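> Residue numbers (my numbering): 1305 to 1484.
#1: Counting only the same chain and skipping the five closest in sequence on each side, list residues whose C-beta sits under 8 Å from that of residue 1347.
#2: Between residue 1350 and residue 1341, what straight-line distance do the alpha-carbon atoms span, to the nearest angstrom?
#3: Check each candidate in 1409, 1432 and 1426 and name the one with the smallest Cα separation from residue 1418.
#4: In the structure shown, what three-state DSSP assignment does residue 1375 receive?
#5: Less than 8 Å between the beta carbons of residue 1377 and residue 1363, yes or no?
#6: Ignore the nearest five residues each way along the sequence and tell me which others in residue 1357's own chain have a CB closer than 7 Å to its CB.
#7: Between the Cα of residue 1455 and the Cα atoms of 1375, 1326, 1429 and 1416, which residue gives the shortest distance?
#8: Give me, in chain order, the residues of the same chain whose beta-carbon lies closer than 6 Å to that of residue 1387; leave out the 5 immediate sequence neighbours on both sides.
#9: Just to confirm my understanding: we take residue 1360, look at its own chain, exclude 5 residues before and 5 after, and list those with CB closer than 7 Å. What are they?
#10: In the DSSP assignment, what residue or residues form a beta bridge with residue 1398?
#11: Let me know the secondary structure DSSP gives residue 1338 once reduced to three states.
#12: What residues match up with residue 1313 in a beta bridge as DSSP calls it?
#13: Just verifying my parser: in three-state terms, what is the DSSP assignment at residue 1357?
#14: Measuring only the C-alpha atoms, how far is residue 1389 from residue 1410?
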């Protein structure tokens, strides 16, 4: 018998991972339960049962055993999740914000002043994303630019720009001068 054939795999059906030493499950499945039906290798979906053994609700149509997809019915009998579509005439794309698709103005825009690009992460487009950490040299020009972008993003997102006069912003120039 070779060493590879003595490796014990996770108890869940189709899982190729090696089981942990203290359980019959792998690291991914260690906190998941098995179906309560005897000899069933499937993972619990709900009510201590897998989907096959009643863990998921079934269609309300008499004699149909299909799983519910939307409302109380399976896909054969009208169960579906209602998707909203763009209200622009002739457009068949899914709507996002303001009942429109991204192409017709339904997306959200970058918070950087004057930028009309769509946001990607954290309210900014790819071009205006503040980096996660400042550049390595504390006296470099790129560090100054990085801090300016961080301060500006915080300033704009706080809504304070309507409350502060331009004369009160001299501290930003003083702060920037420390790095130049």
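Virtual Cβ for every residue (Gly too), placed ideally from N, Cα, C.
Being a predicted model, the structure only gives us computed values, none of them experimental.
Inspection of the coordinates gives the following:
#1: 1316, 1333, 1336, 1337, 1338, 1339 and 1354
#2: 13 Å
#3: 1432
#4: coil
#5: yes
#6: 1339, 1341 and 1344
#7: 1416
#8: 1398
#9: 1349, 1350, 1371 and 1372
#10: 1389
#11: strand
#12: 1322
#13: helix
#14: 11 Å
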